[in-house]
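To keep things clear, I will list the structure first and then write my remarks on it.
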Amino acid sequence: MVSTKIVGVLCSFLGVFMFFSGFFPVNYKVETSNRIVDGKTIEYRSRLINKLVIMLVDGMRSDMIPSPGANHSNMPFLSDKLSLPTSLNLIGVAQAPTVTLPRLKALTTGRVPSFLDIVWQNFASAALSIGENWINIAFRHGMRIFFTGDETWLSLFPDEFSHATGTKAYFVQNYIEIDLNVSVAIENYMETRYNDWDVLIIHYSGLDHIGHLFGPRSSLMPRKLSEMDESIRRIYNQLFLSNDNNNVFMLLSDHGMSEAGNHGGPTPHETETPLIILSPKFNYSRSMNRERINQIDIVPTICALLGIEIPSENLGTLIGRVVRPFVADSGDWLRYFKENADQLSALIPNGEDILEHALFFYNKFQTNNSLDISTVEYEFIKAMKLISDDAVMRLSNYDMFVMITGVILVYTGSLVLFNDQHINNISFKNSLFNIFFISASSTALLASQTTSQMAEISVLSFAFHVGFALSLSFSFPVIFSLMKSVFCARRVWKTEEFDFISLFTIISFALSIASYGSSSFVEEEHQVWYHLYQTFNLVFLIRFTVIMCCTSRTDNIDVNKTENDVFHAVNSTPSIANTFKNNGKYFTFYIVYCAIFILMVLLRFQRLINQTGNKWLDTPDIGDWLVDNNQSQLSIVCISSIIVIYYLRYEGRYSDWLMGVGFLLAYCYHSSLNLLWTPFSVINHLSPVVYARLCYLSSTICLFSSLATRNSRDITNSLLVIGSLILRPHNIILICISSIQHVMNEQLFAATNLSHRYFFIAQFYNILSNVLYFSLGMSNSIACIDINAAFIGINGVSVIFGSLLLFIHTNYALLYWSFSLLELLMKYSLPLNKIRESFLFILNLRLISMAFYFTLIIPLRHHIMVWTVFAPKVLFHIIFYASNLFLCAIVYFT
Amino acid sequence: MDYNNWSCDNRIIYYSYFLTGSIISVLAIPYSMGIKNPLINTSIPATFTQSCVMGILEILLFTRLQRETATKSSTNLSQKLKILTYYILTFTICCAGFHILFILFGAPIFSNFIETACLSFHIVSLSLIPSLIITECYIDNCLSLYFDSKIGSRNQIELTVKCVCICGILGCWFGSFAIPLDWDRDWQEWPIPCVIGINVGVAIGYLSSIFIGKFIKSNVRKYV
Chain A
114 MVSTKIVGVL
124 CSFLGVFMFF
134 SGFFPVNYKV
144 ETSNRIVDGK
154 TIEYRSRLIN
164 KLVIMLVDGM
174 RSDMIPSPGA
184 NHSNMPFLSD
194 KLSLPTSLNL
204 IGVAQAPTVT
214 LPRLKALTTG
224 RVPSFLDIVW
234 QNFASAALSI
244 GENWINIAFR
254 HGMRIFFTGD
264 ETWLSLFPDE
274 FSHATGTKAY
284 FVQNYIEIDL
294 NVSVAIENYM
304 ETRYNDWDVL
314 IIHYSGLDHI
324 GHLFGPRSSL
334 MPRKLSEMDE
344 SIRRIYNQLF
354 LSNDNNNVFM
364 LLSDHGMSEA
374 GNHGGPTPHE
384 TETPLIILSP
394 KFNYSRSMNR
404 ERINQIDIVP
414 TICALLGIEI
424 PSENLGTLIG
434 RVVRPFVADS
444 GDWLRYFKEN
454 ADQLSALIPN
464 GEDILEHALF
474 FYNKFQTNNS
484 LDISTVEYEF
494 IKAMKLISDD
504 AVMRLSNYDM
514 FVMITGVILV
524 YTGSLVLFND
534 QHINNISFKN
544 SLFNIFFISA
554 SSTALLASQT
564 TSQMAEISVL
574 SFAFHVGFAL
584 SLSFSFPVIF
594 SLMKSVFCAR
604 RVWKTEEFDF
614 ISLFTIISFA
624 LSIASYGSSS
634 FVEEEHQVWY
644 HLYQTFNLVF
654 LIRFTVIMCC
664 TSRTDNIDVN
674 KTENDVFHAV
684 NSTPSIANTF
694 KNNGKYFTFY
704 IVYCAIFILM
714 VLLRFQRLIN
724 QTGNKWLDTP
734 DIGDWLVDNN
744 QSQLSIVCIS
754 SIIVIYYLRY
764 EGRYSDWLMG
774 VGFLLAYCYH
784 SSLNLLWTPF
794 SVINHLSPVV
804 YARLCYLSST
814 ICLFSSLATR
824 NSRDITNSLL
834 VIGSLILRPH
844 NIILICISSI
854 QHVMNEQLFA
864 ATNLSHRYFF
874 IAQFYNILSN
884 VLYFSLGMSN
894 SIACIDINAA
904 FIGINGVSVI
914 FGSLLLFIHT
924 NYALLYWSFS
934 LLELLMKYSL
944 PLNKIRESFL
954 FILNLRLISM
964 AFYFTLIIPL
974 RHHIMVWTVF
984 APKVLFHIIF
994 YASNLFLCAI
1004 VYFT
Chain B
91 MDYNNWSCDN
101 RIIYYSYFLT
111 GSIISVLAIP
121 YSMGIKNPLI
131 NTSIPATFTQ
141 SCVMGILEIL
151 LFTRLQRETA
161 TKSSTNLSQK
171 LKILTYYILT
181 FTICCAGFHI
191 LFILFGAPIF
201 SNFIETACLS
211 FHIVSLSLIP
221 SLIITECYID
231 NCLSLYFDSK
241 IGSRNQIELT
251 VKCVCICGIL
261 GCWFGSFAIP
271 LDWDRDWQEW
281 PIPCVIGINV
291 GVAIGYLSSI
301 FIGKFIKSNV
311 RKYV
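Going down the list, the protein sequences come from chains A and B.
This note's numbering applies: residue 114 is where the first sequence begins, and numbers increase by one.
This note's numbering applies: residue 91 is where the second sequence begins, and numbers increase by one.
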């Protein structure tokens, strides 16, 4: 038995891994033909400007920039400068994922970032090979680049900066000091003593931190903006002091922020960033203002200004208006376009054909000056845009073969897991094992092969293909027989009767996976889960009524036996309601009905707390209301929900006291951050880190005591404590609601005779975990991962603890409900193998929904929303799969 | 369940065809004539009118059927008034119950009150009125009709009533799945998808009851 399970799990794991590697090509490279940088092309290239200051304000949204000449803005200096013709005020559109590291790579290399860059953001930024970029090209040309600000740059460019002052980036709760340090460094660099730089890069990250902590509408935001304005004023005054018209100042941002203050997604709030360029040489009317350009267009522009070659993988196109005032000769001017166009056309196979037309005009212009320069310019821009779009399309280069085999493996794995109990034939099992082992290993080998070179036909690859085909054809009969047994759904539910509840469980699961077919249901997945859960409540109600009616009928059996027409029985026999009354069931009748009603009201309340998804994300919710200036209400809500949780979980054991202490510490942590009201200001003298660590300590002791006493209740308790610490304070009420739901569900299962049906309970808890996940404000967008959670109770950066905390925070709902399920099943004193089976069942549900989702992804891979909607969901699926696997491992090995 | 005493009044089948036809015509005729469907484009008044008309039709038809099976017909006027108030009260309670249910399922709580009320009026008058009339608004009759797995439906009328009620509610349930889609069509406004779902569901309910009844009848004939 165990070996079949292992085959199933391994097979599906391999499948998931293969799909992942095929869908997210980790090391993608644009195919570049060797570019010839010969002497001819270099000779016209000259440096156009003396000094370039690039000021990057992390997380600044384009609507934070004041309108030119506004009277009461947070940035009076900037708004004053923007009203002059010496400024260019554009909007740079960033590509998702709108996260700092991928955006920095995009701003230096001109490449569109790969989706997986976000995954490595926290972990491996030091080991990144960034590829050719304008900073190291400028370095090669002997320019002196100074840098101050976020340390991410230093890990990306360890050698390139002549002088650098880094600030610790990842301690989000610090939003004052880091920027002060940067400003001090700027003062130093602007002084004449150190004034020998060519490029100065400044990265302020305080604004982003404020956004993460308090959102863009926070009262701290105007202060931060005026601080930025002050910094701009100083730099501007020093930079243009000597009336040096050849200096340029740029204000950029890597990404914006959503209304919740997070970023990572594709919404306009997150992608539209300011792009302001100041130079005394400009003379532009304000009608050009706020034009939307691609953010990576800044790369060839900077290269032209500095007189260096464009990074080979750049996809940006030159912003003519920035460079034009510095170029005297119109013949030279067109060469900048030609260089950019040549560089771009090398990126794609048919680039030269696209460019042909523009080159024709260019040559014509060279020979005969009568042609209008703007016509040639226009032709170049048109061709460059075409090439750039084409190249972006080509970047999403999937390994179809690996993806499809991955999906097949996931399906077969889940089939094997499903049929686990029904395979009794030993020889069949052995052949199964062999076949899957062969197919798995050969596909793994193939995977590693095809990712490098698919087109090349060698003897080895041919052998692999044949091996794969053979093993697949051998395994087909097995797969087929497995499928046949799955379609007899009764066998899956063998241990239980197949009735209304089982049918609805299957329908609910089928609906939840069918909804993945629409991109809007991937965005609004929470609606499906809320709907299904509410319907489950109704199903309980119906089932309970049916049970009550049947029992009352058996009570009245002697009366009703002779009565054919029940409608006439009203007056002659005791009615159903009366039977309840007589048997003392009336009371339970109403109690259960009230309980179901309360559960439904609780869910309705739960979905009001955090709006999530995409369509209704910005509608005001209770969470917003509590967080915005309602500290006392928030404190009351927190205290009362902690009391309710404690009351529900208290059993009088010593570990329960420990849990109480943990809750107190968590409250103190939030109050010492000034998020909650506190009766004693003494509490706030201790640093939040101390409270958080004490809280971790108490929950860890809870966890270990559960290992000692083998009582799963303590695991849930310690999870509750951790949840009250790492979740936002207003989300504590959601943990409270979940505890209530847990207690009431247990009673409901007893009232509706469902407590022995562990498959149903498993699927029901699966639904509940999804409900909690989405009501916590999470969604299928990268932006909902709260980086803030990785810094609770940690000084500085800790990769291991930080990622552990982030993992717990993201998977909190799943972990909580799985351990509640474990607690419930242990309370029913189910045998261990049944518990294991039900956890395996949950894993299998995840596998099936994943496999189905992957199958949908394959034809939808060129869908317009694939990187913004579908791909993040793949990532979330894999995260949840990992935690399901982890939970299964826990249940199996303890 | 045994269907040995299965009785089928032919009128109920004609009524079912008639009511299905009227619902389908409301949904389909405006399209065939090339005009905008008021039910889909201007929702509230049109829905309200439709539910009123359908409700009155159902009341008229089902009371005719009911009158013959009823326990006693009172001629007394005050008795009649009493019964009428009882019916109206039950109807209102059902509407309120469905209104609360819709809110629990995620309808806006305070805003869109009229829309939600209109939807609950619609569902009650389309799919619940037949059951209310047949069961004479007695809770016991309701319970034994819907929840007693040992009795089930014993004649075509009960079957029709049951099918219509269940299919109407299921139609509403499935209709709501169209709301979160990001197509931004005007028919995605609350509560239009649910209204259409109810209409389609009730029509399917009437039709399916006819065929299920035929199936049962043929089986009874075969085995008895």
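C-beta atoms are modelled at their ideal positions from N, C-alpha and C, and glycine is treated no differently.
Remember, it's a predicted structure, so these values are computed and weren't measured experimentally.
Contact under 8 Å by Cβ, residue i with residue j
i: B/F211; j: B/C185; result: yes
i: B/L216; j: B/I288; result: yes
i: B/C255; j: B/I134; result: no
i: B/I302; j: B/C253; result: yes
i: A/P424; j: A/N246; result: yes
i: A/V529; j: A/F967; result: no
i: A/Y646; j: A/L881; result: yes
i: A/R174; j: A/M334; result: no
i: A/F132; j: A/G519; result: yes
i: A/N893; j: A/E636; result: yes
i: A/A896; j: A/V705; result: no
Residue-level contact to chain A via CB, residue i, 8 Å cutoff
i: B/F237; result: yes
i: B/W96; result: no
i: B/Y177; result: no
i: B/F200; result: no
i: B/D276; result: no
i: B/I193; result: yes
i: B/G196; result: yes
i: B/P270; result: yes
i: B/S266; result: yes
i: B/W263; result: yes
Proximity test, Cβ basis, 8 Å: residue i and chain B
i: A/R870; result: no
i: A/H644; result: yes
i: A/C662; result: yes
i: A/V714; result: yes
i: A/S1011; result: With chain A running from 114 to 1007 in the structure shown, residue 1011 of chain A is simply not present.
i: A/Q640; result: yes
i: A/Q647; result: yes
i: A/S633; result: yes
Euclidean distance between Cα positions of residue i and residue j
i: A/T199; j: A/V436; result: 13 Å
i: A/V757; j: A/V856; result: 12 Å
i: A/V740; j: A/L747; result: 7 Å
i: A/V672; j: A/C662; result: Residue confidence for A/V672 is low, a pLDDT of 43 falling below 50, so the modelled location carries little weight; the figure read from the coordinates is stated next. About 15 Å.
i: A/A417; j: A/S628; result: 49 Å
i: A/R604; j: A/V122; result: Interpretation of A/R604 is limited by its pLDDT of 49, a score under 50 that renders its predicted location unreliable; no figure is taken from the coordinates.
i: B/Y296; j: B/I193; result: 28 Å
i: A/Y349; j: A/I178; result: 17 Å
i: A/L943; j: A/E950; result: 11 Å
Uninterrupted alpha helix (DSSP H) stretches inside the region 246-271 of chain B (no shorter than 4 residues): 246-265
Proximal residues, the region 211-226 of chain B versus chain A, C-beta separation under 9 Å: I224, T225, E226
Contact residues within the region 716-727 of chain A, judged by C-beta distance below 9 Å to chain B: L716, R717, R720, L721, G726, N727
Chain A contacts from the region 96-118 of chain B (Cβ-Cβ distance under 8 Å): none
Every unbroken beta strand (DSSP E) within the region 947-1003 of chain A, with a cutoff of 3 residues, ordered by chain: none
Minimum length 3: unbroken beta strand (DSSP E) runs contained in the region 292-329 of chain A: 312-317
Contained alpha helix (DSSP H) runs [length at least 4] in the region 168-225 of chain A, N- to C-terminal order: 189-195, 213-222
Short-range partners of chain A found in the region 134-145 of chain B, where Cβ spacing is below 8 Å: none
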